[in-house]
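Novice: This is the structure I have questions about; it appears just below.
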Amino acid sequence: MLRIFFIWITLLLSTAVSAETVYITPALDLHFASWEGENAASTDSYSSDSGMLGLGIMLQKGNLYAGLSIRSGQFSFDSPAPAQDDGSLLTAVDLDRAEFDLVTGYYFWPRVALFVDFKSSSTAWSDSSYKLTNSGLGLGVSAYYPLATGAVYGSVGTIRLTSRRGSKEIGAGTGFSTELGWTAKLSATIRYKIALKSQSQIIDFDLSGEQENRIGSLVVGFSKSFSL
Amino acid sequence: MKKMSRFLSLILLLVYSFSLQAANRGLELRKVNTPDSIVQGEYRALIIGNNRYNDAAGQWKPLNTAVSDADSVANMLQKEYGFTDVNILRDANRSEVLKALNELEARLNANDSVLVYYAGHGYLDESSSRGYWIPVDANSDDPASYLRNSTIRDEMSIIARKAKHTLLISDSCFSGSLLRRGGSPIVPKTTGSRYYKKVANKKSVQIMTAGGVEYVDDDFRRSGHSPFTYFLLNELKHNDKKMVTASEISSNVIKAVANNVSQLPESGVLQGAGDELGEFIFVRVKLDVDVKGVPREKIKVIVDVNNAEKITEHNPVPQSLDQNTDMSPRFMPLPTF
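Protein sequence lines correspond, in order, to chains D and C.
Taking the numbering used here, the leading residue of the first sequence gets 4, the next gets one more, and so forth.
Taking the numbering used here, the leading residue of the second sequence gets 974, the next gets one more, and so forth.
Structure representation (structure tokens):
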């Protein structure tokens, strides 16, 4: 998947000599996140608040864009905590969460784009070697509307996920995501954004059944555009 | 959680203060109104963009770009050309358009420059050669719900009687029928302050229209704009002169549109409205000036419009980015799951 993505980026950049300018936009995001969920045994619900730091880069040429985004943070759970795929439940555990997105999209309409996202989110239990990875390909739609000096923007999308421990498939599920935010200029090339983001993932583990995780975040971000 | 809310409030406050700082950053501009300033009075505009047509018979289908055309023109006039009174009507019905024209007229002073811009459907009744603007509440079974070009001309004439310079820009189908050709002023090859002073002192009542009696394409090159407004914005954006006349702009827009689409914009004067072969003058107020050794926030510029064309502009922002300072897709954040 990575290889395909980088070939895609290379193709995008290699056409930079044509009339359309390629814009490159690095971004930094802070996520004030709240992670809630339920284990297969429905009485086990858990929650934790934490911050996540995100970095991203986007390339855009005409109506086409592609980008990469990573973010990570640590969430502390007392009791209960998210269970492992076999139902094992550790109490007072710190979970390191990392998310990785490779996105490409196209503005089929002036303010509306369709995008595909290869997402991989991993959760590592800090006191053990157990690490769970959910990954898959999703489809979404994003849109924006200029308002006053900035723009309101949003996106919705759904994704089919495969859950793995190491290389072993241990379950499958679906994810759903929405984001609604505001972006405006700080200068001709620097922008900020403030957004509310909601992610949910329901994974049906082969061994223990369904687990649902929801992460709601307030996102504050900054980006700067360069032209190539 | 309390700590987190406090932290969030602090972040939001910081972001807000950043925005305020950004809004005040750069250059402070004061227009010098000396007794013999070339352009006096206020710059006012009524900008109309109609997308959401609601015609039961289905003749007037919704448009995609008229509102975005109107928004971008308003943005350009306010930010780059110092228009201080800009009224934007989005998806306006017949009475709203007429009311806004009346209100505009009521606000006018003798030396004002007034621009009226319309983007939306237009219609030509071939049997009577009558042209119309189509408001969003128009019913195709009842042409009385349309806005006749003669009504628009009357309203413009009333405005023109009070203002010094009046410019009507109509980006709609069949808008050419608005024109009664009185002959466009000839733009001299070299234009200096003498020329601008001369045409600024004479009354002008000018019209630019999108495309004679031809149909106007929507969403040119997926820019979110019609071809006419795309090239109009392009001309205003790329204008590197301190002052430019409506005739200079329209001359370039006509060429650019005709070179790219099968559509021929027209320009002229509104007959019988008192035009004295004057010119509507766009005065560029947004300058980006660097002074070696002086922090940008400390630079203050006073523009004397009498000698304004002598000022050299310097733009340190990459040209391609500066051309797109409005809201466009490239500035939207990357969506992720």
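All C-beta atoms in this analysis are idealised placements derived from N, C-alpha and C, irrespective of residue type, glycine included.
Tell me which residue opens and which closes the beta strand (DSSP E) that I1107(C) is part of.
Specialist: Within the second sequence, residue 1107(C) is the residue found at index 134, counting from 1. It is not in any beta strand (DSSP E) - I1107(C) carries neither H nor E in the DSSP assignment.
Novice: Determine contact between the segment 1191 to 1207 of chain C and the segment 1225 to 1235 of chain C, defined as no fewer than three beta-carbon pairs at a distance below 8 Å.
Specialist: Yes, they touch.
Novice: Contact between the segment 145 to 158 of chain D and the segment 173 to 184 of chain D: three or more CB pairs below 8 Å?
Specialist: Touching, yes.
Novice: How far does the alpha helix (DSSP H) with K1210(C) in it extend, from its first residue to its last?
Specialist: Position 237 of the second sequence, counted from the start, is the residue given in the question as residue 1210(C). Where K1210(C) is concerned, the enclosing alpha helix (DSSP H) stretches over 1200 to 1211.
Novice: Tell whether a beta-carbon distance below 9 Å holds between R1126(C) and A1246(C).
Specialist: Within the second sequence, residue 1126(C) is the residue found at index 153, counting from 1. Within the second sequence, residue 1246(C) is the residue found at index 273, counting from 1. In contact: R1126(C) and A1246(C) (Cβ atoms closer than 9 Å).
Novice: How should H1094(C) be labelled, buried or exposed, when 16 other C-beta atoms within 10 angstroms of its C-beta is the threshold for buried?
Specialist: Taking the second sequence and counting its residues from 1, one reaches residue 1094(C) at position 121. Burial call: buried.
Novice: In this structure, does DSSP put S1235(C) in helix, strand or coil?
Specialist: For the purposes of this step, residue 1235(C) is taken as the residue at position 262 of the second sequence. Correct three-state label for S1235(C): coil.
Novice: With DSSP run on the structure shown, which of helix, strand or coil describes V1089(C)?
Specialist: In the second sequence, counting from the first residue as 1, residue 1089(C) sits at position 116. V1089(C): strand per DSSP, three-state reduction.
Novice: Starting from Q1051(C), trace the alpha helix (DSSP H) in both directions and tell me its first and last residue.
Specialist: Residue numbering aside, residue 1051(C) sits at position 78 when the second sequence is read from its first letter. Run containing Q1051(C): 1039 to 1054, per the alpha helix (DSSP H) assignment.
Novice: Just to confirm, is the Cβ distance from Q1179(C) to G1241(C) under 9 Å?
Specialist: Against the second sequence, residue 1179(C) aligns to sequence position 206. Against the second sequence, residue 1241(C) aligns to sequence position 268. In contact: Q1179(C) and G1241(C) (Cβ atoms closer than 9 Å).
Novice: I want to verify the contact list: residues of chain C whose CB lies under 9 Å from the CB of T186(D), in sequence order.
Specialist: In the first sequence, counting from the first residue as 1, residue 186(D) sits at position 183. Those within 9 Å of T186(D) in chain C are M1300, F1304, M1305, P1306.
Novice: With distances taken Cα to Cα, identify the nearest neighbour of N66(D) among Y26(D), L58(D), E39(D), G59(D).
Specialist: Mapped onto the first sequence, residue 66(D) falls at position 63. Comparing Cα-Cα distances from N66(D) to each of Y26(D), L58(D), E39(D), G59(D), the minimum goes to Y26(D).
Novice: Could you confirm whether any beta carbon from chain D is found closer than 9 Å to the beta carbon of D1044(C)?
Specialist: Within the second sequence, numbered from 1, the residue matching residue 1044(C) stands at position 71. Yes, because at least one Cβ of chain D sits closer than 9 Å to the Cβ of D1044(C).
Novice: Of the residues G174(D), Q204(D), A198(D), S53(D), which one's Cα is nearest the Cα of S211(D)?
Specialist: If you number the first sequence from 1, residue 211(D) lands on position 208. Cα-wise, what sits closest to S211(D) is G174(D).
Novice: Hey, out of V223(D), D88(D), T94(D), G57(D), whose CA is closest to G76(D)'s CA?
Specialist: Counted from its first residue, the first sequence places residue 76(D) at position 73. Out of V223(D), D88(D), T94(D), G57(D), G57(D) has the C-alpha closest to the C-alpha of G76(D).
Novice: Just to confirm before moving on: does the CB-CB distance between I60(D) and F103(D) stay below 9 Å?
Specialist: On the first sequence, residue 60(D) is found 57 positions in, with the first residue counted as 1. On the first sequence, residue 103(D) is found 100 positions in, with the first residue counted as 1. Taking 9 Å as the Cβ cut-off, I60(D) and F103(D) do not qualify as a contacting pair.
Novice: Is the CB of S1145(C) under 9 Å away from at least one CB in chain D?
Specialist: For the purposes of this step, residue 1145(C) is identified with residue 172 of the second sequence, where counting begins at 1. No, S1145(C) lies away from the interface with chain D (no Cβ there is under 9 Å from its Cβ).
Novice: Runs of 3 residues minimum, wholly inside the segment 87 to 125 of chain D: which ones carry the beta strand (DSSP E) assignment?
Specialist: Runs of the beta strand (DSSP E) inside the segment 87 to 125 of chain D: 96 to 112.
Novice: Is S226(D) helix, strand or coil by DSSP?
Specialist: Position 223 of the first sequence, counted from the start, is the residue given in the question as residue 226(D). If DSSP states are grouped into helix, strand and coil, S226(D) belongs with the strands.
Novice: Shortest alpha-carbon distance to G141(D) belongs to which of L135(D), P149(D), S124(D)?
Specialist: As a working mapping, residue 141(D) is identified with position 138 in the first sequence. Ranking L135(D), P149(D), S124(D) by Cα distance to G141(D) puts S124(D) first.
Novice: Between the Cα of A95(D) and those of T107(D), S82(D), A101(D), spot the shortest distance and give me the residue it belongs to.
Specialist: To locate residue 95(D), count along the first sequence from 1; it is residue 92. Measuring from the Cα of A95(D), the nearest candidate turns out to be S82(D).
Novice: Between I1020(C) and A1043(C), how many whole angstroms is the CB-CB distance? I'm expecting something under 8 Å.
Specialist: As a working note, residue 1020(C) is residue 47 in the second sequence. As a working note, residue 1043(C) is residue 70 in the second sequence. With a Cβ gap of about 5 Å, I1020(C) and A1043(C) count as contacting.
Novice: Going by other Cβ atoms of all chains shown within 10 Å of its Cβ, with 16 needed for buried, is R1257(C) buried or exposed?
Specialist: Position 284 of the second sequence, counted from the first residue, corresponds to residue 1257(C). Per the 10 Å Cβ criterion, buried.
Novice: Report the neighbours of F1253(C) on chain D: residues whose CB is nearer than 9 Å to its CB, in chain order.
Specialist: Locating residue 1253(C) in the second sequence gives position 280, where the first residue counts as 1. In chain order: nothing, as chain D lies at least about 27 Å away.
Novice: When you compare only the Cα positions, how much space is there between L31(D) and P1306(C)?
Specialist: By one-based count along the first sequence, residue 31(D) stands at place 28. By one-based count along the second sequence, residue 1306(C) stands at place 333. Cα-Cα distance, rounded: 11 Å.
Novice: Name, going along the chain, the residues of the segment 1024 to 1043 of chain C whose beta-carbon falls closer than 8 Å to a beta-carbon of chain D.
Specialist: Listed by position, the residues of the segment 1024 to 1043 of chain C near chain D (Cβ gap below 8 Å) are N1037, T1038, S1041.
Novice: Give me the residue from Y147(D), L98(D), I10(D), A146(D) with the minimum Cα distance to W38(D).
Specialist: Here residue 38(D) refers to the residue found at position 35 of the first sequence. The residue with the shortest Cα to Cα distance from W38(D) is L98(D).
Novice: Does the segment 1078 to 1098 of chain C come into contact with the segment 1139 to 1148 of chain C, if we say contact requires no fewer than three beta-carbon pairs (one atom in each stretch) closer than 8 Å?
Specialist: Touching, yes.
Novice: Going along chain C in order, which residues have a C-beta closer than 7 Å to the C-beta of E182(D)?
Specialist: Taking the first sequence and counting its residues from 1, one reaches residue 182(D) at position 179. Correct list: P1308.
Novice: Run through chain D and tell me which residues come within less than 9 Å of G1093(C), C-beta to C-beta.
Specialist: For this step, residue 1093(C) is matched to residue 120 along the second sequence. What G1093(C) touches in chain D: nothing, since even the nearest Cβ is about 17 Å away.
Novice: Ignore the nearest five residues each way along the sequence and tell me which others in A187(D)'s own chain have a CB closer than 7 Å to its CB.
Specialist: Taking the first sequence and counting its residues from 1, one reaches residue 187(D) at position 184. The residues are T152, G153, R194, Y195.
Novice: How big is the Cα-Cα spacing for T1057(C) and D120(D)?
Specialist: On the second sequence, position 84 is the one that residue 1057(C) refers to. On the first sequence, position 117 is the one that residue 120(D) refers to. Those two C-alpha atoms are separated by around 44 Å.
Novice: With a cut-off of 8 Å on the beta carbons, I'd call P1308(C) and G139(D) a contact; round off their distance for me.
Specialist: In the second sequence, counting from the first residue as 1, residue 1308(C) sits at position 335. In the first sequence, counting from the first residue as 1, residue 139(D) sits at position 136. Not a contact, Cβ separation roughly 16 Å.
Novice: Given A1047(C), which residues of its chain have a CB within under 6 Å of its CB, disregarding the five upstream and five downstream residues?
Specialist: Here residue 1047(C) corresponds to residue number 74 of the second sequence, with the count starting at 1. Answer for A1047(C): I1020, V1059, I1061, listed in chain order.
Novice: Between E41(D), P149(D), K227(D), which lies nearest to A86(D) when the distance is taken from Cα to Cα?
Specialist: As a working note, residue 86(D) is residue 83 in the first sequence. For the residues E41(D), P149(D), K227(D), the minimum Cα distance to A86(D) belongs to E41(D).
Novice: Excluding the five sequence neighbours on either side, which residues of its own chain have a C-beta within less than 6 Å of the C-beta of G999(C), listed in chain order?
Specialist: Along the second sequence, one-based indexing puts residue 999(C) at 26. Because G999(C) sits at a pLDDT of 38, beneath the cut-off of 50, its placement in the model cannot be relied upon, and the following sentence gives the value as read from the coordinates. Counting only Cβ-Cβ distances below 6 Å, and skipping sequence neighbours, we find nothing.
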